[in-house]
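What follows is a set of notes on a single structure, which appears directly below.
Residue numbers (my numbering): 1 to 295.
In structure tokens form, the structure reads like this:
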């Protein structure tokens with residue numbers, strides 16, 4: 001099982017030096033991917049800009065969006081941006097996408113938070129693949145939208161879907177899952193992976209789904225308070241009392257806890273875990289590196 005790492009872009013106050021240190025630390029460390037998430041109505045840096053920076057300042061590590069909320073954006077413009085990132089990264093881009101659950105982010109950009117967001121996502125991905133193939137996707141322009149991504153046909157596409165209907169929906173066209181588990185919960189991860197394997201098989205897919213999951217963690221002397229403060233802020237759209245209760249369910253706040261959880265997730269058959277740090281302190285990479293060295 002591979003172990004990737006998110007940039008802590010959801011931690012307020014990330015500076016230029018912080019972003020560069022995390023990019024270089026992940027690239028030079030024992031990590032299988034560098035991931036960036038997306039929010040709009042939150043004090044994080046813009047996901048596409050951060051992905052571009054990561055693509056430019058790293059050399060080795062795959063660059064992953066985890067995840068981009070596609071229905072908030074124009075798919076042709078996003079296809080061009082992602083193709084550019086794939087070129088800058090020398091073909092290291094992996095595309096994690098989702099429909100999103102925060103209506104406030106949709107409202108902030110004037111997008112419709114509709115009931116058919118997953119179907120809209122499927123249509124957008126189909127259009128993006130046509131763009132990447134050099135097809136004309138609308139009438140009128142004199143030439144197709146370019147450049148093409150470096151990876152033929154475009155990057156691998158993972159989808160943040162966990163429910164049974166959603167997984168069945170995406171099994172027709174996605175390459176795998178970009179899951180997330182709050183606690184994390186082994187039962188929840190197993191259930192999602194089992195659904196994906198079955199759905200991919202039912203859809204007649206020759207290649208099994210790539211199974212990726214993710215969770216929050218904290219290490220160091222103030223790990224518990226770090227987790228609680230981060231999650232109470234990040235989950236505040238649930239309401240103050242609910243956010244605090246949810247924060248208490250997140251359990252990976254020690255090296256031994258992280259080590260045990262990674263071993264248990266490996267037993268689920270996960271291909272990769274993308275860890276989500278809750279501090280901008282880049283020394284967290286060294287602490288995780290020590291854990292990985294003991295696995």
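A virtual CB, placed ideally from N, CA and C, is assigned to each residue, including glycine.
Which residues DSSP lists as bridging residue i, in chain order
i, result
"residue 275", "5, 215"
"residue 63", "34, 93"
For residue i, three-class secondary structure by DSSP
i, result
"residue 31", "coil"
"residue 162", "coil"
"residue 68", "strand"
"residue 40", "coil"
"residue 77", "helix"
"residue 151", "coil"
"residue 269", "coil"
"residue 145", "coil"
"residue 83", "helix"
"residue 250", "coil"
"residue 16", "helix"
"residue 21", "helix"
Range of the contiguous beta strand (DSSP E) that encloses residue i
i, result
"residue 98", "93 to 98"
Delimiting residues of the alpha helix (DSSP H) encompassing residue i
i, result
"residue 156", "Not the alpha helix (DSSP H): residue 156 falls in the beta strand (DSSP E), residues 156 to 159."
"residue 297", "The shown model of the chain, from 1 to 295, leaves out residue 297, and the question about it has no answer."
"residue 52", "47 to 57"
"residue 264", "255 to 266"
"residue 284", "284 to 293"
"residue 137", "Unbroken run through residue 137: none, as it is neither H nor E."
"residue 281", "Taken as a continuous stretch (DSSP letters only), residue 281 belongs to no alpha helix (DSSP H), as it is neither H nor E."
"residue 111", "Careful: residue 111 lies outside any alpha helix (DSSP H) and carries neither H nor E."
Residue i beta carbon near the ligand FAD (any heavy atom closer than 6 Å)
i, result
"residue 173", "The ligand FAD is absent from the structure shown, which contains no ligand whatsoever."
Exposure of residue i, with buried meaning 16 or more beta-carbon neighbours within 10 Å
i, result
"residue 114", "exposed"
"residue 38", "buried"
"residue 70", "buried"
"residue 142", "exposed"
"residue 294", "exposed"
"residue 274", "buried"
"residue 97", "buried"
"residue 13", "exposed"
"residue 290", "exposed"
"residue 116", "exposed"
"residue 215", "buried"
"residue 249", "exposed"
"residue 193", "buried"
"residue 124", "buried"
"residue 172", "exposed"
"residue 136", "exposed"
"residue 278", "buried"
"residue 222", "exposed"
"residue 213", "buried"
Ranges of the beta strand (DSSP E) found wholly within the segment 171 to 245, counting only runs of at least 3: 176 to 178, 210 to 217
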